[in-house]
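Only one structure is covered here, and it is reproduced in the block below.
As structure tokens, then:
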């Protein structure tokens, strides 16, 4: 936990933690919006993987230089939960309102950073691509895609290597690009979702509330 931190770099390249000291500050790629910074926890051994929102006005609540972020830092708001480590995140602005998109990873094996009492892998085999809008405070998450990790020989024979599955994200040419990797279907493809489609999402019924996202 002590090595988990979300922070910022100054002009000289020095890193200053905004918050640290727990799994809630363990992130791979944050998403930056006009009002907040958002991320999901990169942890494969917890029972539920939380998504967090840190309003920008709280960032300076980290206290004066030299203050311990564990004692003086801000509190991030839990805005969702999913069932596997969150890796990648992107912000969409070419829409009627801001959207944040995150993707989870279906990791294989045991997390070597887990405490000795939690040497396990509770992550789902499914890679998910989730999206939430600023209008909901980034608290209502839609599942855009779900890809199962493909089976490999390494899952049967321990002497052989195995690998996790991921969905790489990018934004280009008025579209969200999704690139599934090591998945049972659509592996290696680049899927394009026009950003204009996001404006219609609130009219859909497939909204996954943070506390009811299926595992």
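Numbering (our numbering), first residue to last: 631 to 845. Note that CB positions come from ideal geometry on N, CA and C, so glycine has one too.
Return the first residue and the last residue of the beta strand (DSSP E) that residue i is part of.
{"i": "residue 773", "result": "771-778"}
{"i": "residue 707", "result": "707-712"}
{"i": "residue 729", "result": "729-734"}
{"i": "residue 647", "result": "645-650"}
{"i": "residue 671", "result": "Residue 671 -> no beta strand (DSSP E), and no H or E assigned at all."}
{"i": "residue 831", "result": "No beta strand (DSSP E) contains residue 831, which DSSP labels as neither H nor E."}
{"i": "residue 639", "result": "635-639"}
{"i": "residue 847", "result": "Since the first residue shown for the chain is 631 and the last is 845, residue 847 is missing from the structure and cannot be characterised."}
{"i": "residue 809", "result": "805-811"}
{"i": "residue 793", "result": "First-last for residue 793: undefined, no H or E at that position."}
How is the alpha helix (DSSP H) around residue i delimited, first residue to last?
{"i": "residue 686", "result": "686-689"}
Give a yes or no on whether the C-beta atoms belonging to residue i and residue j are separated by under 8 Å.
{"i": "residue 678", "j": "residue 738", "result": "no"}
{"i": "residue 813", "j": "residue 731", "result": "no"}
{"i": "residue 668", "j": "residue 735", "result": "no"}
{"i": "residue 796", "j": "residue 717", "result": "yes"}
{"i": "residue 680", "j": "residue 654", "result": "yes"}
{"i": "residue 721", "j": "residue 682", "result": "no"}
{"i": "residue 648", "j": "residue 632", "result": "no"}
{"i": "residue 761", "j": "residue 769", "result": "no"}
{"i": "residue 670", "j": "residue 705", "result": "no"}
Can you have a look at residue i and say buried or exposed, based on whether 16 or more other CB atoms are within 10 angstroms of its CB?
{"i": "residue 733", "result": "buried"}
{"i": "residue 754", "result": "buried"}
{"i": "residue 672", "result": "buried"}
{"i": "residue 842", "result": "Only weak support exists for where residue 842 lies, its pLDDT of 34 falling under 50; the value from the coordinates is given anyway. Label assigned to residue 842: exposed."}
Taking 7 Å as the cut-off, is the C-beta of residue i nearer than that to any heavy atom in the ligand FAD?
{"i": "residue 755", "result": "Of the ligands one can find in the structure shown there are none, so the ligand FAD has no counterpart to examine."}
Run through the DSSP bridge pairs and tell me what residue i is partnered with.
{"i": "residue 822", "result": "807"}
{"i": "residue 721", "result": "730"}
{"i": "residue 800", "result": "807"}
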